[in-house]
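S.K.:
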Amino acid sequence: MPVTLTINGHEADPDPGLSLFAAAERIGVHVPTSCVKLGKCKECVVEVTAGADALSPPTPFEHHLTGRFRLSCQTHIAGDHGHIECHTMRRGQMRIERHALELPTSHARPMLDPAVTRDGSWVLIDGQPIDRAEGPLHGIAMDLGTTTIVLRLLNLETGELVADASFENPQRFGGSDVMSRIHYDTEHPGRLLMRTVAGYVTHAIEDFPVDPRTIYEVVLVGNSTMRDLFFRQSVYSI
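Just so you know, we're using the working numbering here: the sequence shown kicks off at 1 and counts up by one.
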């Protein structure tokens, strides 16, 4: 019986030697990458939940991963039988509650107080001109959770919610809880946790229906560990 493969619940019929990344591309499953499948960006993480013995051994690019996690661009079909199951870090069916924007109970839209404003064609930050722009000004509100990351794209002049995105925090390969990630970050130099989540956030912003150059303000909330990992601060003291 030849090797069979399931990625994110989708069936694939992989050829011997095919990478998990290439197999995902064949069936239309998106796997994040910024390095064109060279193993450098560390974004194309998948969790292999079955059939790991039918895959090639980890490469030096995967030294930072343990357990069931692999880089899909480095992992190839190596066996001649068995069934492989894996999934990416993105969650495609997550629900974002939009009505909570009007909390508390009042239905009045909250008062806008962005740091970025406009004076004619000038874009100002705290009253100081930084750019000229005729189109809408946008900002991002980001909830950087240990498990889930949510981004909301807002029009800074009207308060309109333009778009939103959510995905599983890809730092899970470093552990599912805060303490595990603190330990991982102190044991692995190079800020791998920060680099991976920054890549995922970048892809989410690129998918928004606006020019990223119109995004002038970002507000980020998260616990102290997620915050410091994102801004490349040492979390050892935490």
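Glycine included, each C-beta is placed from N, C-alpha and C at the ideal position.
Buried or exposed: which applies to Met89, given that a residue is buried once 16 or more other Cβ atoms fall within 10 Å of its Cβ?
M.R.: Taking the first residue of the sequence shown as position 1, residue 89 is located at position 89. The residue is buried, with at least 16 neighbouring Cβ atoms inside 10 Å.
S.K.: Give the DSSP-derived three-state secondary structure of Asn134 in the structure shown.
M.R.: Counting from 1 along the sequence shown, the entry for residue 134 is found at position 134. The residue asked about is misnamed: residue 134 is Glu in this sequence, not Asn. The answer is coil: DSSP assigns Glu134 none of H, G, I, E or B.
S.K.: Quick check on Met179: does DSSP put it in helix, strand or coil?
M.R.: Locating residue 179 in the sequence shown gives position 179, where the first residue counts as 1. Met179: helix per DSSP, three-state reduction.
S.K.: Starting from Arg227, trace the alpha helix (DSSP H) both ways and give me its first and last residue.
M.R.: As a working note, residue 227 is residue 227 in the sequence shown. Per DSSP, Arg227 belongs to the alpha helix (DSSP H) from 224-230.
S.K.: On a Cα-Cα basis, can you pick out the residue from Leu192, Arg172, Thr214, Ile149 that is closest to Leu220?
M.R.: As a position in the sequence shown, residue 220 is number 220, starting the count at 1. Measuring from the Cα of Leu220, the nearest candidate turns out to be Ile149.
S.K.: What are the start and end residues of each continuous beta strand (DSSP E) run of 3 or more residues lying completely inside the stretch 140-200, in chain order?
M.R.: The qualifying runs are 148-155, 161-168.
S.K.: Using the C-alpha atoms, what's the distance from Gly159 back to Leu137?
M.R.: Counted from its first residue, the sequence shown places residue 137 at position 137. Counted from its first residue, the sequence shown places residue 159 at position 159. C-alpha separation (whole angstroms): 10 Å.
S.K.: So, for Thr49: in the same chain, excluding its five sequence neighbours on each side, which residues have a beta-carbon less than 6 Å away from its beta-carbon?
M.R.: For this step, residue 49 is matched to residue 49 along the sequence shown. Closer than 6 Å at Cβ, skipping near neighbours: Glu85.
S.K.: Closest to Asp211 by C-alpha separation, out of Leu229, Gly139, Tyr200, would be which residue?
M.R.: Sequence index remark: in the sequence shown, residue 211 carries index 211 (1-based). Measuring from the Cα of Asp211, the nearest candidate turns out to be Gly139.
S.K.: Can you name, in chain order, every residue of its own chain whose Cβ lies under 6 Å from the Cβ of Gly199, other than the five neighbours on each side?
M.R.: Taking the first residue of the sequence shown as position 1, residue 199 is located at position 199. Cβ neighbours of Gly199 beyond the five flanking positions: Ser34, Cys41, Glu43.
S.K.: Quick check on the burial criterion: 16 or more other C-beta atoms within 10 angstroms. Buried or exposed for Leu38?
M.R.: The residue given as residue 38 occupies position 38 in the sequence shown. Burial call: exposed.
S.K.: List the endpoints of the continuous alpha helix (DSSP H) containing Arg26.
M.R.: Position 26 of the sequence shown, counting from 1, holds the residue named residue 26. 20-26 is the extent of the alpha helix (DSSP H) around Arg26.
S.K.: Quick one: Cα of Glu317 to Cα of Met142, how far?
M.R.: Since the first residue of the chain shown is 1 and the last is 238, residue 317 is not available in this structure.
S.K.: Compare the beta carbon distance of Ile7 and Ala24 with 8 Å and say whether it is the shorter of the two.
M.R.: Within the sequence shown, the letter at position 7 stands for residue 7. Within the sequence shown, the letter at position 24 stands for residue 24. The answer is yes: Cβ separation under 8 Å.
S.K.: Please report the distance separating the alpha-carbon of Gly145 from that of Glu157.
M.R.: Position 145 of the sequence shown, counted from the first residue, corresponds to residue 145. Position 157 of the sequence shown, counted from the first residue, corresponds to residue 157. Roughly 27 Å separates the two Cα atoms.
S.K.: Closer than 8 Å is the cut-off here; do at least three beta carbon pairs connect the stretch 50-58 with the stretch 71-81?
M.R.: Flag = yes, the stretch 50-58 and the stretch 71-81 touch.
S.K.: Measuring alpha carbon to alpha carbon, tell me which of Leu5, Ser19, Arg152, Val45 ends up nearest Val218.
M.R.: For this step, residue 218 is matched to residue 218 along the sequence shown. Considering only alpha carbons, the answer is Arg152.
S.K.: Pull up the distance between the alpha-carbon of Leu161 and that of Gly79, whole angstroms please.
M.R.: Within the sequence shown, the letter at position 161 stands for residue 161. Within the sequence shown, the letter at position 79 stands for residue 79. If I take the Cα positions, the gap works out to 49 Å.
S.K.: Between the C-alpha atoms of Val197 and Met111, what's the straight-line distance to the nearest angstrom?
M.R.: Mapped onto the sequence shown, residue 197 falls at position 197. Mapped onto the sequence shown, residue 111 falls at position 111. Rounded to the nearest angstrom, the two C-alpha atoms are 31 Å apart.
S.K.: Could you check which residue in Gly28, His10, Leu5, His30 has the C-alpha nearest to that of Leu18?
M.R.: Along the sequence shown, one-based indexing puts residue 18 at 18. Comparing Cα positions, the closest option is Leu5.
S.K.: Got a sec? Which residues, its chain only, sit under 7 Å from Pro14 by beta carbon, not counting five neighbours each side?
M.R.: Counting from 1 along the sequence shown, the entry for residue 14 is found at position 14. For Pro14, where only same-chain residues beyond five positions count, the Cβ hits under 7 Å are Val3, Leu5, Ala23, Ile77.
S.K.: Taking the beta carbon of Met226 as the centre, do at least 16 other beta carbons fall within 10 Å, making it buried, or is it exposed?
M.R.: Translated into positions along the sequence shown, residue 226 becomes position 226. The residue is buried, with at least 16 neighbouring Cβ atoms inside 10 Å.
S.K.: Who are Thr6's beta bridge partners in DSSP?
M.R.: Here residue 6 corresponds to residue number 6 of the sequence shown, with the count starting at 1. Its beta-bridge partners are Glu11, Glu85.
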